[in-house]
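Here is the structure we will look at.
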Amino acid sequence: MAENKTNTEEFRDAFGKTLIELGKENPKIVFLDADLHTSTKATGFKQTFPDRFVQVGIAEQNLFGIAAGLAFEGFVPFPSTFAAFASRRALDQIAISICFPNINVKIPGSYCGVPTSRAGGSHNCIEDLAVMRALPNMKVADPGSNEDLRQIMKTAVATPGPVYFRVTRYAVPELFGPEHRFEWGKGVVLRPGSDVTLFGTGVMTHFCLEAAGILAEQAIQAEVVHLASVKPIDNKLIVESALRTGCAVTAENATIYGGLGDAVSQVLAEAHPVPVHRIGVRDQFVESGGIEELFALHQMTPQDIANAALQVIRKKAKSEQEAI
Amino acid sequence: MAENKTNTEEFRDAFGKTLIELGKENPKIVFLDADLHTSTKATGFKQTFPDRFVQVGIAEQNLFGIAAGLAFEGFVPFPSTFAAFASRRALDQIAISICFPNINVKIPGSYCGVPTSRAGGSHNCIEDLAVMRALPNMKVADPGSNEDLRQIMKTAVATPGPVYFRVTRYAVPELFGPEHRFEWGKGVVLRPGSDVTLFGTGVMTHFCLEAAGILAEQAIQAEVVHLASVKPIDNKLIVESALRTGCAVTAENATIYGGLGDAVSQVLAEAHPVPVHRIGVRDQFVESGGIEELFALHQMTPQDIANAALQVIRKKAKSEQEAI
Amino acid sequence: MMQLTTDELRHLQERAYQIRRLSVEMIAYSQWGHIGGSFSMAELLAVLYFKDMKLDPEQPSLENRDRLILSKAHGSPALYAVLALRGFMPEEKIYQYCELGGLEGHTHIESAPGIEATGGPLGMGLSVAVGMAMGLRRKENPRSRVICILGDGECNEGNVWEAAMSAAHYHLDNLIAIVDYNKAMAKGFVWDLMGIEPFADKWKAFGWNVLEIDGHDLQEVARALYTARWVKANGSPVVIIAHTVKGKGIEQAEFNYKWHTHAPDPETADAMLREVARNYGYPEEGYSKLEKAVEKETFYGGE
Amino acid sequence: MMQLTTDELRHLQERAYQIRRLSVEMIAYSQWGHIGGSFSMAELLAVLYFKDMKLDPEQPSLENRDRLILSKAHGSPALYAVLALRGFMPEEKIYQYCELGGLEGHTHIESAPGIEATGGPLGMGLSVAVGMAMGLRRKENPRSRVICILGDGECNEGNVWEAAMSAAHYHLDNLIAIVDYNKAMAKGFVWDLMGIEPFADKWKAFGWNVLEIDGHDLQEVARALYTARWVKANGSPVVIIAHTVKGKGIEQAEFNYKWHTHAPDPETADAMLREVARNYGYPEEGYSKLEKAVEKETFYGGE
Ligand SMILES: Cc1ncc(C[n+]2csc(CCOP(=O)(O)OP(=O)(O)O)c2C)c(N)n1
Ligand SMILES: Cc1ncc(C[n+]2csc(CCOP(=O)(O)OP(=O)(O)O)c2C)c(N)n1
Ligand SMILES: [Mg+2]
Ligand SMILES: [Mg+2]
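Right, dumping it as structure tokens:
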């Protein structure tokens, strides 16, 4: 299933293209911008559908309120801003004007996590997965590749109700072919393995694949599971995989408080407790720096994932020992 | 340690009294209100220290921004509003004006979770634990009784940096005597047991004690651990207790996505995986209703906790079976 | 200039009275709710729902209906009351206010037909109204209006001014904001807690047409709505600053923020209802559930 | 009326030039940052830091200093530049802009002495400034002023108007807001994306004293600051609406939102710096790091 092609297109470029594609399919789609469209790459949509592009200025509360109003009138609004502001600046509006009435608003959170890099701690948003996950009725996805993002966006439009999805300013090799389909609550085994499961979401799935490569050199067979759908999450696959491998590492481009790591830990704790180690930002602001430098600083590189895998494998061995 | 006294004073009453106590001890404390002080019970503080009470009107973004400014000038501000608005209306301000510079602001989130009851889904705030936990530098506490709240407030003032604590509109029997002290990252065993651990926070700890009573009738010895300090959390005690009991239930007056349940699951998944079941709001808005009715609807009663305990005990037995 | 007939006046006044009556019934029975801000809107809602707005209770989502968003969503008793009176739901439904599966404490779109959005946190409704007004423009619907009722204290919220700025920028003259300027907020007077004057100037500086009226004078309310709809549709949105009295109709509640949120016990409710009837010249009618003890598990009160 | 001497004028103009020069150095070297909004503030910052504000680089937290909050925190290059020039940090430190452990991309209190708050999200700074001004009143410090610089696009944010309302309510005449009205925001012109006019009327209606000036005229800037501090301290806060040119001093960047956030490559930086020098009448001085290749792992650009 996993195809590694080189790819220099960032997620936001794929986002911009898919937006036009969706715009052609669905005349109800309206894009709402808060003074960031050339950064978020919605400019193509603006040029193709000038009448369906709404500029609201630098006013994110209003952005999401207007989106709610348009949704009530039957449109499918995409209110867009940086992930930092989508999750922090207008949360009350998203929760009560959008999630509570459970209306059809699709929220792309742009510039997520570590790769926002030099903009610094105020912009390198790590809270969005936790925050959005906490809202009832909200579905949350973090794509692992451009094709994944494309499918998530298609599915988002086809799914009634509010959706939050991430558009990271970063490029990773393509994971999927054109046959790929995204489904809410469904993960994908990208690489089968027996010794440990690496659960990745977003750009971190690519790092998990690299980590599996590193581990393979040490004759460790890591299973890599991509969980783009962070909420709902694929309870079944998580448990099945843990039954196979007996231990797990989670990896997310976000704080480990409240995101994928917690979600997976909780599924396993409820159904099949095994050792889990979480990779992600460990409760710090991601201050300015170079992208790869920051991944290293926050111990989120493929090597860090591989090291975590070795740790949980050791824990598994120890608890098996004890059980005997 | 646990003393059950009857108590009809709500948390917010204890909050109001403690505020005056702290105000006398520390002249730097300033209370900031957003048009809710008779509800949040800060009226006593206002009367005692009229000069240290600041009214900002219905403007929560400004509330937290002003608090930041006062903190930079050396004051210890308590910007106060309902938990719903503290966690959703001004999150960007709390994250970037307060948490990033790591300044001395103490945030009481009033009217939390289910007991806000009739006000309905927009006010019965279930996201605050998850949201606040996701912010770097933020400490989070949910008191189990009035004396606990009092000690949390004292500790909050004695601890530099941002603190979020809950003030629920509800009364529970007192858990502690005057010798009680709160410490960040420290839980308390309220009732020792060997068969299952009930980890509670906030008002749910009281329900855990009741659940332990129900379980005792079936000759099941439940350990009850109160985790007022949701972040940092008491990794050590959680693991120790799970080592003793082999399974756990968590209970929180909040969404199970991103709060105590996730935190405990993750600590255990990392250190000592055992079956865990989470009690809390299961991803729904808590719509209007009577308090006890709502606790029942959301399956958060002592009986629900006891049932969950039976479940995890069964899971533990099954996995022990399998291990043999 | 448009003028209500004596019959219309009599009818609307009776509707305003019923809005007050049902509001107290609701709040007393549920033991939760906001009397002050429900009473100050009674005439506004009476004229809107029984004279001005195009609506069909049989077709609550009629495409060319007028939309109303109660941004001060704690004024829900008055809105639920007027919807019941207008036939959107049976009157008995008001006794499910704040009950499980009933009418949400703050207006919620799923609670009752005729509710157009979900609220509770103040300051958010005008943005939703702006989005609806934009949506109507997109759908080339020139007849429908979006009406948004705000509190005066609510106008402290920055979100209101974001929405106001954008409504003017987009020339949304199909949008009418009404501020229930009842001089009090939750815990005190507006001028004292956070002054909003010069209030009309604020709206003008944000690009709006401003009308100022006595919000309890049915004639003035009707005229202002007519003006906003038919006369002032000049490319800018219109705000009606309706000067009102919080709690209007019950002496102890008038201008009194202590009755902002507080549920009367059955006897007080009874006395209040009788007072309201006397004040507006109707036969005394007490609290209909006086005989039923308060059955709620707690006396919640509301504050 | 207060008047700058010819010597002062010459000195401040040179400081404004240096602010521009260091800003380009910083942005070109880090390959990230906002030229347009840094350049439009150069004269404002020059007068503030070299004439108006009470400051001591040896004692950055001097109790009776003036405080400045850059609410448009993406203008960080200009602020870091002026702090370096004023002796708050060694000039070499600017080459740590956006580096790990260096100067944060958006102003952050831990990055450098002289930074008074942390920013990044627009619209928040004025509230922090209000809190500081209140704090100064509480500490009975009558001399210090809190100065807050805002962007024009930033004034779309409701938080700004919440803060404005409260500053007037609390008579904070120790608070001076300066709006860098450079006519452009990130992706277009202010009038086009979200009009803010009549802008002075908005502030007046929110209870502020308003001064309007040419923000590139040092004499006017100095006079407005003097007036705000000594003449207009009449119980209301003062806003200085500084009409400026985004990117002022580089032809291709002037009024051009395309240079709102974009890092020049070394050659472009070199040409820009030479152009700035020529425009302000100083000996041509190119990009100091021209010889060093761009060492960053990605050409980030900034957009
Ligand atoms: C964002 C937010 N903050 C606080 C509250 C709590 N609250 C409910 S009503 C109210 C006062 C409203 O005053 P006003 O807008 O004047 O309404 P009215 O006088 O018409 O009742 C407050 C503070 C809220 N619902 N939402
Ligand atoms: C809340 C928030 N929304 C969006 C942004 C992204 N952003 C950074 S600068 C900018 C434009 C600012 O325009 P203006 O206030 O006019 O500043 P200036 O022209 O002085 O650069 C935007 C939209 C942000 N930093 N914060
Ligand atoms: Mg009012
Ligand atoms: Mg600008």
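Residue numbers (the numbering used here), protein chains in the order written: chain A, 382 to 705; chain B, 382 to 705; chain C, 1149 to 1451; chain D, 1149 to 1451.
Just so it is clear, CB atoms sit at the ideal spot from N, CA and C, and this is done for glycine as well.
Can you confirm whether residue i, when its beta carbon is compared against all beta carbons of chain A, has any partner nearer than 7 Å?
i	result
Y1435 of chain C	no
I1295 of chain C	no
H1410 of chain D	no
E1252 of chain D	yes
Y638 of chain B	yes
Y551 of chain B	no
D685 of chain B	no
G1223 of chain C	no
Do residue i and residue j have their CB atoms nearer than 7 Å?
i	j	result
R393 of chain B	K427 of chain B	no
F412 of chain A	F459 of chain A	yes
A415 of chain A	T462 of chain A	yes
L451 of chain A	G1279 of chain C	yes
P543 of chain B	V486 of chain B	yes
Chain D partners of residue i, CB-CB under 8 Å?
i	result
R435 of chain A	Reading off the sequence shown, one finds Val at residue 435 of chain A, where the question assumed Arg. Per Cβ cutoff of 8 Å: no residues; V435 of chain A is ~11 Å from chain D at best.
Using a Cβ-Cβ distance under 7 Å, would residue i count as near chain B?
i	result
W1180 of chain C	yes
E1305 of chain C	yes
I1257 of chain D	yes
S692 of chain A	Before going on, a small fix: residue 692 of chain A reads as Gln here, not Ser. With 7 Å as the cut-off, Q692 of chain A does not count as an interface residue toward chain B.
E1445 of chain C	No answer about E1445 of chain C holds up, because its pLDDT of 47 lies below 50 and its placement is not dependable.
L1218 of chain C	no
Shorter than 6 Å, the distance from the beta carbon of residue i to the closest heavy atom of ligand 3, or not?
i	result
A1332 of chain C	yes
G1301 of chain C	yes
Please check if any C-beta of chain D sits within less than 7 Å of the C-beta of residue i.
i	result
L649 of chain A	no
I488 of chain A	no
Closer than 6 Å to a non-hydrogen atom of ligand 4 - does that hold for the CB of residue i?
i	result
G1343 of chain D	no
For a contact defined as C-beta to C-beta under 9 Å, what are the partners of residue i on chain C?
i	result
L417 of chain B	A1334, K1335
Just checking my contact of residue i with residue j at CB under 8 Å: how many whole Å lie between their CB atoms?
i	j	result
A1325 of chain D	L1298 of chain D	6 Å
R659 of chain B	G642 of chain B	3 Å
F656 of chain A	A650 of chain B	First, the amino acid is wrong: residue 656 of chain A is Pro here, not Phe. The pair is a contact, with the Cβ atoms about 7 Å apart (cut-off 8 Å).
G1281 of chain C	I1217 of chain C	Reading off the sequence, residue 1281 of chain C comes out as Ala, not Gly. The pair is not a contact, with the Cβ atoms about 10 Å apart (cut-off 8 Å).
D473 of chain A	M1272 of chain C	7 Å
G574 of chain A	T631 of chain A	Not quite, the Cβ-Cβ distance comes to about 15 Å (not below 8 Å), so this is no contact.
So with CB distances below 7 Å, who are the chain D contacts of residue i?
i	result
M1342 of chain C	M1313, S1314, H1317
Consider the C-beta atom of residue i and the heavy atoms of ligand 1; say whether any pair is separated by less than 6 Å.
i	result
P460 of chain B	no
I477 of chain A	no
L1270 of chain C	yes
K1396 of chain C	no
In chain C, which residues lie with their C-beta within 7 Å of the C-beta of residue i?
i	result
F1354 of chain D	K1350
P1346 of chain D	A1353
Measure from the C-beta of residue i to each C-beta in chain C and report whether the shortest distance is under 7 Å.
i	result
E1302 of chain D	no
N407 of chain A	no
S478 of chain A	yes
I447 of chain A	yes
What in chain C is Cβ-close to residue i, meaning under 8 Å?
i	result
H504 of chain B	G1253, H1254, G1268
D473 of chain A	P1269, M1272
Going along chain A, which residues have a C-beta under 8 Å from residue i?
i	result
G642 of chain B	Q647
E1368 of chain D	By Cβ distance, chain A contributes nothing, its closest Cβ being about 27 Å from E1368 of chain D, past 8 Å.
For ligand 2, I want to know if residue i counts as a neighbour, meaning its beta carbon is within less than 6 Å of at least one of the ligand's heavy atoms.
i	result
I439 of chain A	yes
H1256 of chain D	no
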